[in-house]
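Trainee:
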């Protein structure tokens with residue numbers, strides 16, 4: 044530090060030197076400045092944060108409580124501080140107007156504490172001084188307690204950018220939160236059709252010989268591209284469609300599909316009956332080939348089925364492609380089985396494509412789509428609690444030309460015990476809903492209406508991107524799991540653990556409302572993952588369990604200051620001074636109360652028959668065009 048006759052006195056107490064301070068200095072100050080000496084020097088690369096990361100030429104800051112910093116060096120090795128000055132910018136990026144950072148109206152600067160020579164000096168701009176979305180410039184000037192730096196550092200540019208940006212809620216929306224799409228299923232136990240897929244020739248199952256030495260065999264082959272679809276065209280005036288699963292007919296052959304309540308099996312294959320003479324060297328006496336498909340329909344509540352019980356129905360669709368006259372006629376018997384302890388299953392009821400009563404018999408002249416038959420069985424469940432029901436299927440064929448020959452083919456089961464993809468589950472547990480059945484292998488999707496609840500959707504999207512388990516994200520195929528009424532987890536009073544218990548842990552007394560623009564309105568603590576899931580940071584068995592919500596990512600909603608009517612999700616840095624690290628297992632955010640309370644309202648746990656541990660996805664259609672949090676994700680209206 045230089046040796047001035049007297050230590051200079053800043054014109055304003057606590058104000059470090061800057062060109063503005065020099066201009067305002069008195070005679071004694073000027074004398075000290077003129078005395079020369081080894082002056083302190085600002086660093087050449089001032090930075091702004093958090094997270095102190097650049098986006099192109101400017102620092103991208105995630106909170107309005109901006110931290111400005113720069114290095115400072117004193118040639119004599121003494122401590123020094125920095126004065127920070129901030130300006131708005133013109134359209135071309137040049138300085139426009141100084142921002143009053145300290146509210147004094149005189150110098151409008153902030154002064155850092157003293158730091159060791161070579162250290163980094165920094166200040167935090169109070170909330171409300173700087174606006175999100177605005178490009179700012181800042182610079183520094185050093186003071187070592189005696190000598191001022193007589194020039195400014197180079198400019199540093201920064202902009203406060205939210206993680207996500209969105210308008211006020213729309214007044215109307217076409218988003219359907221309940222909309223579902225069927226999924227393609229690979230069966231784990233598909234029966235005979237799988238065997239033919241591994242061999243050059245089909246697997247045959249044959250009868251014993253009849254009194255004339257003849258036998259009947261059945262062979263299952265995968266459906267061919269030439270297979271014709273059963274053409275369902277009911278006559279006018281008939282009640283309801285013939286097909287048990289209305290959307291199944293439009294699906295291509297060779298694949299299996301399902302929803303939460305329906306399955307469409309179009310990879311069952313074709314069955315060929317082969318009637319053989321006693322002499323194995325002679326050609327077959329006759330052949331008959333049928334294209335086969337299956338349907339399963341579960342009714343989530345007994346009122347939907349028309350019965351007074353929980354119910355699921357099954358259907359076999361058989362369409363004869365060819366029947367040789369030598370067989371005279373063919374009869375197919377469908378053999379569905381189950382292991383249900385509380386079920387009653389009807390006999391197969393056959394109808395033709397017009398819904399008229401029929402049998403599983405075809406004469407040799409009855410071929411083609413118009414002769415398709417639909418065999419349906421009804422299973423009702425009258426149990427208590429819940430039961431997963433394993434299904435099995437086979438088909439037996441006979442021909443009129445032989446009264447004693449029959450051949451049976453195995454169509455597999457509802458799935459390997461570890462998967463059970465086609466096994467219905469029936470229960471009487473779901474509150475507010477009569478007993479019913481679903482296919483729980485299917486994971487439904489809850490679509491947040493981001494037109495009506497953009498702040499909530501924006502927050503959920505950010506958390507899905509950064510949480511280690513990406514809870515609920517389809518992009519990462521990461522399910523959330525419902526906290527159901529049948530959870531075995533207990534709370535401190537011995538009662539069933541509920542979402543309120545999880546919420547209390549995440550939104551505990553360490554949370555307080557972050558300041559925000561008045562236009563944001565009242566806010567609530569909104570937790571992610573949702574308190575009604577196993578992924579909640581408050582659920583005792585969660586992979587995301589925290590001891591306090593203070594361990595979660597801290598966020599809040601605020602108004603943009605760029606002249607638009609937009610809002611954004613920003614970092615609450617009051618506790619985590621550098622903002623979310625991206626390793627947090629949960630989040631809590633100040634979200635407008637209405638959006639927090641309604642974004643998940645209507646989640647159809649009863650109609651989907653969601654029990655404890657059932658998986659589901661959460662999609663956020665206004666934001667899922669974005670794939671990175673490195674830049675601001677801007678909402679897009681859907682519909």
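Numbering (this note's numbering), first residue to last: 44 to 682.
Cβ coordinates follow ideal geometry from the N, Cα and C atoms, glycine included.
Per the contact definition of three or more C-beta pairs closer than 8 Å, is the segment 477 to 493 in contact with the segment 405 to 420?
Mentor: no
Trainee: Could you check if residue 652 is buried or exposed, using at least 16 other CB atoms within 10 Å of its CB as the buried criterion?
Mentor: On the chain shown, position 609 is the one that residue 652 refers to. By the Cβ-count criterion, residue 652 is buried, with 16 or more other Cβ atoms from all chains shown falling within 10 Å of its own Cβ.
Trainee: Considering residue 313, what are the terminal residues of the beta strand (DSSP E) in which it resides?
Mentor: What you label residue 313 is simply residue 270 of the chain shown in a count that begins at 1. That run of the beta strand (DSSP E) goes 305 to 319.
Trainee: Measure how close the beta-carbons of residue 332 and residue 365 come, nearest whole angstrom, since I'm counting them as under 8 Å.
Mentor: Against the chain shown, residue 332 aligns to sequence position 289. Against the chain shown, residue 365 aligns to sequence position 322. That belief holds up - the Cβ atoms of residue 332 and residue 365 are roughly 5 Å apart, short of 8 Å.
Trainee: If we count the other Cβ atoms within 10 Å of its Cβ and call it buried at 16 or more, is residue 84 buried or exposed?
Mentor: Here residue 84 is taken as the residue at index 41 of the chain shown, counted from 1. Buried is the call here.
Trainee: Grab the span of the beta strand (DSSP E) containing residue 641 for me, first residue to last.
Mentor: On the chain shown, position 598 is the one that residue 641 refers to. Looking at the DSSP string, residue 641 is not in any beta strand (DSSP E); the run it does join, the alpha helix (DSSP H), is 636 to 641.
Trainee: For residue 179, write down the residues that DSSP places opposite it in a beta bridge.
Mentor: Here the question's residue 179 lines up with position 136 in the chain shown. Answer is 131 and 201, bridged to residue 179.
Trainee: For residue 578, I'd like the list of residues in its chain whose CB is within less than 8 Å of its CB, leaving aside the five on either flank, ordered along the chain.
Mentor: Position 535 of the chain shown holds residue 578. Excluding positions up to five away in sequence, the list reads 512, 514, 515, 523, 524, 572, 585, 586 and 587.
Trainee: Going by Cα to Cα distance, which pick from 232, 349, 203 and 246 is closest to residue 452?
Mentor: Taking the first residue of the chain shown as position 1, residue 452 is located at position 409. The shortest C-alpha separation from residue 452 is found at 246.
Trainee: In whole angstroms, what separates the C-alpha of residue 188 from that of residue 114?
Mentor: Position 145 of the chain shown, counting from 1, holds the residue named residue 188. Position 71 of the chain shown, counting from 1, holds the residue named residue 114. Answer to the nearest angstrom: the Cα atoms are 16 Å apart.
Trainee: In three-state DSSP terms, what is residue 664?
Mentor: Indexing the chain shown from 1 puts residue 664 at position 621. Looking at residue 664 - three-state DSSP - the assignment turns out to be coil, as it is neither helix nor strand.
Trainee: Contact check, residue 172 vs residue 144 under 8 Å by CB: the rounded distance?
Mentor: The sequence position of residue 172 within the chain shown is 129, counting from 1. The sequence position of residue 144 within the chain shown is 101, counting from 1. Going by Cβ atoms, the distance from residue 172 to residue 144 rounds to 6 Å, so yes, they are a contact pair.
Trainee: May I ask which residues mark the beginning and end of the alpha helix (DSSP H) holding residue 340?
Mentor: Translated into the one-based positions of the chain shown, residue 340 becomes position 297. First-last for residue 340: 329 to 342, but that is the beta strand (DSSP E), not the alpha helix (DSSP H).
Trainee: Quick one: what does DSSP say residue 259 is sitting in, helix, strand or coil?
Mentor: The residue you call residue 259 lines up with position 216 of the chain shown. In the structure shown, residue 259 sits in a strand (DSSP, three-state: E or B).
Trainee: Mind reading off the beta-carbon distance from residue 603 to residue 89? Whole number of angstroms is fine, and I expect it under 8 Å.
Mentor: Taking the chain shown and counting its residues from 1, one reaches residue 603 at position 560. Taking the chain shown and counting its residues from 1, one reaches residue 89 at position 46. No, residue 603 and residue 89 are not in contact; Cβ-Cβ is about 25 Å, not under 8 Å.
Trainee: With contact counted as at least three CB pairs below 8 Å, one residue from each stretch, are the segment 438 to 450 and the segment 384 to 396 in contact?
Mentor: With the cut-off at 8 Å, the segment 438 to 450 and the segment 384 to 396 do not touch.
Trainee: Is residue 363 helix, strand or coil by DSSP?
Mentor: Locating residue 363 in the chain shown gives position 320, counting from the first residue. In the structure shown, residue 363 sits in a strand (DSSP, three-state: E or B).
Trainee: For residue 155, does the count of other Cβ atoms within 10 angstroms reach 16, so buried, or fall short, so exposed?
Mentor: By one-based count along the chain shown, residue 155 stands at place 112. With 16 or more Cβ atoms within 10 Å of its Cβ, residue 155 is classed as buried.
Trainee: Drop a sphere of 10 angstroms on the beta-carbon of residue 555, count the other beta-carbons inside from all chains shown, and report buried for 16 or more, exposed for fewer.
Mentor: Residue 555 sits at position 512 when you count from the first residue of the chain shown. When all chains shown are included, residue 555 counts as exposed.
Trainee: Between residue 543 and residue 634, which are expected to be in contact by the criterion C-beta below 8 Å, what is the C-beta distance as a whole number of angstroms?
Mentor: Locating residue 543 in the chain shown gives position 500, where the first residue counts as 1. Locating residue 634 in the chain shown gives position 591, where the first residue counts as 1. No, residue 543 and residue 634 are not in contact; Cβ-Cβ is about 18 Å, not under 8 Å.
Trainee: As a quick exercise: from 445, 580 and 528, pick the residue whose alpha carbon is nearest that of residue 470.
Mentor: Reading the chain shown from its first residue, position 427 is the one you call residue 470. Nearest C-alpha to residue 470: 528.
Trainee: What distance in whole Å lies between the Cβ atoms of residue 291 and residue 338, which are believed to be in contact at a cut-off of 8 Å?
Mentor: The count along the chain shown starts at 1 and reaches residue 338 at position 295. The count along the chain shown starts at 1 and reaches residue 291 at position 248. Yes, residue 338 and residue 291 are in contact; Cβ-Cβ is about 6 Å, under 8 Å.
Trainee: What residue range does the beta strand (DSSP E) around residue 347 cover?
Mentor: Translated into positions along the chain shown, residue 347 becomes position 304. Careful: residue 347 lies outside any beta strand (DSSP E), inside the alpha helix (DSSP H) at 345 to 348.
Trainee: What does DSSP give as the partner residue(s) for residue 227 in the beta ladder?
Mentor: Within the chain shown, residue 227 is the residue found at index 184, counting from 1. 300, per the DSSP bridge assignment.
Trainee: Give me the residue from 128, 180 and 162 with the minimum Cα distance to residue 686.
Mentor: A query on residue 686 cannot be resolved here, the shown segment of the chain reaching from 44 to 682 and no further.
Trainee: Within a Cβ cutoff of 6 Å, which residues of the same chain sit near residue 581, ignoring the five residues on either side of it in sequence?
Mentor: Locating residue 581 in the chain shown gives position 538, where the first residue counts as 1. The residues are 545, 548 and 549.
Trainee: Beta-carbon separation of residue 91 and residue 110 under 8 Å?
Mentor: By one-based count along the chain shown, residue 91 stands at place 48. By one-based count along the chain shown, residue 110 stands at place 67. Result yes, Cβ atoms of residue 91 and residue 110 sit closer than 8 Å.
Trainee: What is the DSSP secondary structure of residue 547, counted as helix, strand or coil?
Mentor: In the chain shown, counting from the first residue as 1, residue 547 sits at position 504. Here residue 547 sits in helix by DSSP.
Trainee: Please give the ranges of any beta strand (DSSP E) in the segment 409 to 496, keeping only runs that are unbroken, at least 3 residues long and fully inside the region.
Mentor: 416 to 424, 429 to 431, 434 to 442, 445 to 456, 468 to 470, 479 to 481 and 488 to 490
Trainee: Is it right to say residue 673 is buried, meaning 16 or more other beta carbons lie within 10 angstroms of its own, or is it exposed?
Mentor: Within the chain shown, numbered from 1, the residue matching residue 673 stands at position 630. Burial call: exposed.
Trainee: Does DSSP put residue 506 in a helix, in a strand, or in coil?
Mentor: Indexing the chain shown from 1 puts residue 506 at position 463. For residue 506, the three-state secondary structure derived from DSSP is helix.
Trainee: Does the distance from the CB of residue 207 to the CB of residue 611 come in under 8 Å?
Mentor: To locate residue 207, count along the chain shown from 1; it is residue 164. To locate residue 611, count along the chain shown from 1; it is residue 568. Yes, they are a contact pair.
Trainee: Determine, using beta carbons only, whether residue 663 and residue 504 come nearer to each other than 8 Å.
Mentor: Position 620 of the chain shown, counted from the start, is the residue given in the question as residue 663. Position 461 of the chain shown, counted from the start, is the residue given in the question as residue 504. Yes, these two residues count as a Cβ contact at 8 Å.
Trainee: Can you tell me whether residue 340 is buried or exposed, with buried defined as 16 or more other CB within 10 angstroms of its CB?
Mentor: Numbered from its first residue, the chain shown carries residue 340 at position 297. Flag for residue 340 reads buried.
Trainee: For residue 230, which of 454, 193, 357 and 202 has the nearest alpha-carbon?
Mentor: Numbered from its first residue, the chain shown carries residue 230 at position 187. Nearest C-alpha to residue 230: 454.
Trainee: Looking at residue 428 and residue 370, is the spacing between their C-beta atoms short of 8 Å?
Mentor: Here residue 370 refers to the residue found at position 327 when the chain shown is read from its first residue. Here residue 428 refers to the residue found at position 385 when the chain shown is read from its first residue. No, Cβ-Cβ distance for residue 370 and residue 428 is not below 8 Å.
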